[in-house]
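Structure first, commentary second.
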Amino acid sequence: MEDTVDNLKILKALANETRIKIIELLLEHNYCVKALAKRLDLTEATISQHLKILNDAGLLSKEKHGYFMHYCVNKAELIKFSKDIENLAKTNQKQCNNKELCHNKDKNK
1459 MEDTVDNLKI LKALANETRI KIIELLLEHN YCVKALAKRL DLTEATISQH LKILNDAGLL
1519 SKEKHGYFMH YCVNKAELIK FSKDIENLAK TNQKQCNNKE LCHNKDKNK
């Protein structure tokens, strides 16, 4: 169940175009808030809010460089998430053997 909750947090975090762009940029290079704001033409406050959501979902790690916090993607978490999604997609549907539980058109006959 914990994995499901974690995956839901990640799905919610990634369900935003700006946050996807942030992830794409951070996969290429570590950035601070100011640099991300400049690259995406957004305010630092907006970037900070998006980074908090991504960080709370476990998708980021951060490291202090002087006065600035630099962010990067937590690749281990991203890889784990992608494997969970892949496993979900590989789930095979089973036939229902209990016809009483299934909708039956001939039920009234």
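Numbered per our numbering, the sequence shown spans residues 1459 to 1567.
Using N, Cα and C, we set each Cβ at its ideal position, and we do this for glycine too.
Keep in mind that this is a model prediction, so the values were computed, not measured.
- The region 1546 to 1553 makes no contact with the region 1504 to 1522; the number of CB pairs closer than 8 Å stays below 3.
- A straight line joining the alpha-carbon of Lys-1470 with that of Asn-1488 spans about 23 Å.
- For Leu-1498, the enclosing alpha helix (DSSP H) stretches over residues 1491 to 1498.
- Ser-1540 has its alpha-carbon roughly 24 Å from the corresponding atom of His-1528.
- Assigned with DSSP and collapsed to three states, His-1487 falls in coil, not helix or strand.
- Assigned with DSSP and collapsed to three states, Lys-1541 falls in helix.
- For Lys-1520, the uninterrupted beta strand (DSSP E) run begins and ends at 1518 to 1523, by DSSP.
- Under DSSP, Val-1531 forms a beta bridge with Leu-1518.
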